[in-house]
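**Q**
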Amino acid sequence: MEAAHFVQINTGSPEPIYRQLIEQVRRRIAAGQLSAGDAIPSVRELAQALAVHPMTISKAYSMLEMEGLLERRRGLSMVVAARHRRAQPPASRIELLRPTLQKAADEARQLELPAAEVIALFTQLLAESQA
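See the structure below:
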């Protein structure tokens, strides 16, 4: 897997970079984009590609390993854990999306935006990301 395309980090986000990395890897495994045995970029490669400190990447990888999503192989790159052979069912993937949508719903409510406009914007964003 090429480090430059492994994840996308938003440096302007209030969410720490290591959390962004963890969430993106979780989602990619849940969706089946990464499966058992797939090698992931090394700490050094990814830190260089994202222009972040290697300890940030190492922290994220360690947390993913503790969750059982990644496995460390002595002298080799880390891989997706063996138990993740296929994508999770849609219901499980939807639960991963729930916190993000809850935050967006809370912000829309605080901004007093009409639900129809928020849903239309979300639909538009989905369409743009698929193009």
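To get our numbering, take the position in the sequence shown, counting from 1, and add 24. Virtual Cβ for every residue (Gly too), placed ideally from N, Cα, C.
1) Quick one, which of M79, L70, Q154 and Q57 has its alpha-carbon nearest H108's?
2) Just verifying my parser: in three-state terms, what is the DSSP assignment at E95?
3) So for A55, helix, strand or coil by DSSP?
4) Tell me where the alpha helix (DSSP H) around A139 begins and ends.
5) Which term fits I118, buried or exposed, when burial requires 16 or more other beta carbons within 10 angstroms of its beta carbon?
6) What number of angstroms, rounded off, separates the C-alpha of N34 from the C-alpha of G99?
7) What are the residues that DSSP puts in a beta bridge with A63?
8) For F30, collect the residues of the same chain with a Cβ closer than 8 Å to its Cβ; drop the 5 residues on either side in sequence, then sort them by chain order.
**A** Per the coordinate set shown:
1) For this step, residue 108 is matched to residue 84 along the sequence shown. The shortest C-alpha separation from H108 is found at Q57.
2) As a position in the sequence shown, residue 95 is number 71, starting the count at 1. Correct three-state label for E95: strand.
3) Working through the sequence shown from its first residue, we reach residue 55 at position 31. DSSP places A55 in coil when its eight states are reduced to three.
4) In the sequence shown, counting from the first residue as 1, residue 139 sits at position 115. A139 -> alpha helix (DSSP H) spans A139 to Q154.
5) The sequence position of residue 118 within the sequence shown is 94, counting from 1. Classification of I118: exposed, given that the 10 Å Cβ count is below 16.
6) Along the sequence shown, read from residue 1 onward, the residue named residue 34 stands at position 10. Along the sequence shown, read from residue 1 onward, the residue named residue 99 stands at position 75. N34 and G99: Cα-Cα distance of roughly 31 Å.
7) Your numbering for residue 63 matches position 39 in the sequence shown. Per DSSP, V103.
8) If you number the sequence shown from 1, residue 30 lands on position 6. Counting only Cβ-Cβ distances below 8 Å, and skipping sequence neighbours, we find I64, P65, L70 and A73.
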